[in-house]
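> Supplied in structure tokens, the structure appears directly below.
Numbering (the UniProt record's numbering), first residue to last: 1 to 343.
Here's what the structure looks like:
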């Protein structure tokens, strides 16, 4: 199956999803639309990773939580490798380390490899932890033999990889593997790719092991220009009791990314009060209601810098992407990382 000429990424996604459903190639959970599709034969495709020399020498592997990758998570645990799984939608952090109980049986390891097992047998890994990932395994909706990948459209895999680059966990030489059905291997026009898009080095299907030899550089960090505008900013501020116009969050998300806020962006000057109702400092009120902000609220105090008010920090919790680097726990993204801004 090949996509028609002049298609967009979303056209290719829809074509793959429709094809898999129409021919009953999809497996639970269904329908596969708007997901990394699970497929019949996914466990067999996962077994092919044992044929890769990079897997044999891997000590620490990051595997996405998607259902079709469950077999790889199980193999990693059975091989006693350190298994890191991203937090779904980056809600509470970047990584979870899967830690099976001592003396875990095969059945327990199988549970650990499931989405429920990730919840029950994991411990969070902070960004200040020393993590060195030897192998990255991601899900895909479509992938080309050249190594060009299309996900489900929300940008999480791209953002996770970029965050790993920023924390020094991966490099350009870290292999990236994806596992798909044969029908998901299609031609993808290079014109659809952008700088923030993750490419893959190996493609595993139920019938093939494809070495892509991809020479296109992987992301070298977060592409800040691709961070969308914070459409939820005003609603969050309204919730806190004062009006605030929507603004471009790129600048102060970047500042928050190093856990310090060193200046007030021009858009915030004179618009964000430092206190709420009389006798109730806004910072204290926000921290009481949003204790997860406490780790963030440690601004540097130097002659040339002053902290952004806590109100502005809280507003970022409703930004259109969820930044574990900033210690934020956001809501579901209304628009994807890297997506074009609406008119």
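All residues carry an ideal CB built from backbone N, CA and C; glycine is no exception.
Could you spell out where the beta strand (DSSP E) holding residue 209 opens and where it closes?
Taking the chain shown and counting its residues from 1, one reaches residue 209 at position 209. Where residue 209 is concerned, the enclosing beta strand (DSSP E) stretches over 209-211.
> Residue 204 to residue 144, Cα distance in whole Å?
Within the chain shown, residue 204 is the residue found at index 204, counting from 1. Within the chain shown, residue 144 is the residue found at index 144, counting from 1. Approximately 12 Å, taken between the alpha carbons.
> Nearest by alpha-carbon distance to residue 113: which of 46, 161, 140, 149 is it?
For the purposes of this step, residue 113 is taken as residue 113 along the chain shown, with counting starting at 1. Checked all of 46, 161, 140, 149; the closest Cα to residue 113 is 46.
> Can you tell me the Cα-Cα spacing of residue 168 and residue 23, whole angstroms?
The residue labelled residue 168 in the question sits at position 168 within the chain shown. The residue labelled residue 23 in the question sits at position 23 within the chain shown. C-alpha separation (whole angstroms): 43 Å.
> Output yes or no for whether 8 Å exceeds the beta carbon distance between residue 170 and residue 199.
By one-based count along the chain shown, residue 170 stands at place 170. By one-based count along the chain shown, residue 199 stands at place 199. Cβ atoms of residue 170 and residue 199: not closer than 8 Å.
> Residue range of the beta strand (DSSP E) that residue 122 falls in?
Counting from 1 along the chain shown, the entry for residue 122 is found at position 122. Segment 122-125, the beta strand (DSSP E) holding residue 122.
> Where does residue 52 sit, in a helix, a strand or coil, going by DSSP?
Taking the chain shown and counting its residues from 1, one reaches residue 52 at position 52. Of the three classes helix, strand and coil, the one that applies to residue 52 here is coil, per DSSP.
> Starting from residue 106, trace the alpha helix (DSSP H) both ways and give me its first and last residue.
The residue given as residue 106 occupies position 106 in the chain shown. 106-112 is the span of the alpha helix (DSSP H), which, as asked, contains residue 106.
> Of all the options 48, 8, 7, which has the alpha carbon lying nearest to the alpha carbon of residue 180?
Within the chain shown, the letter at position 180 stands for residue 180. The option with the nearest alpha carbon to residue 180 is 48.
> In three-state terms, what does DSSP make of residue 388?
In the structure displayed, the chain extends from 1 to 343; residue 388 sits before or after that span and is not available.
> Around the C-beta of residue 37, are 16 or more other C-beta atoms found within 10 angstroms, so that it is buried, or is it exposed?
Looking up residue 37 in the chain shown gives position 37. Buried: at least 16 other Cβ atoms inside 10 Å.
> Identify whether residue 14 lies in helix, strand or coil by the three-state DSSP scheme.
Looking up residue 14 in the chain shown gives position 14. Helix, per DSSP.
> Rounded C-beta distance between residue 67 and residue 100? I'm assuming under 8 Å.
As a first step, residue 67 is located in the chain shown; it is residue number 67 there, counting from the start. As a first step, residue 100 is located in the chain shown; it is residue number 100 there, counting from the start. Not a contact, Cβ separation roughly 20 Å.
> Put residue 306 into one of helix, strand or coil per three-state DSSP.
Walking along the chain shown from the start, residue 306 turns up at place 306. The predicted model places residue 306 with a pLDDT of 34, which falls under 50 and marks its position as unreliable; any figure quoted below should be read in that light. Reduced to three states, the DSSP call for residue 306 is coil.
> Check whether the segment 178-195 and the segment 133-141 touch, using three or more Cβ-Cβ pairs below 8 Å as the test.
These segments touch.
> Strictly under 8 Å for the Cβ-Cβ distance: is residue 144 near chain C by that measure?
Here chain C cannot be found, since the structure has a single protein chain.
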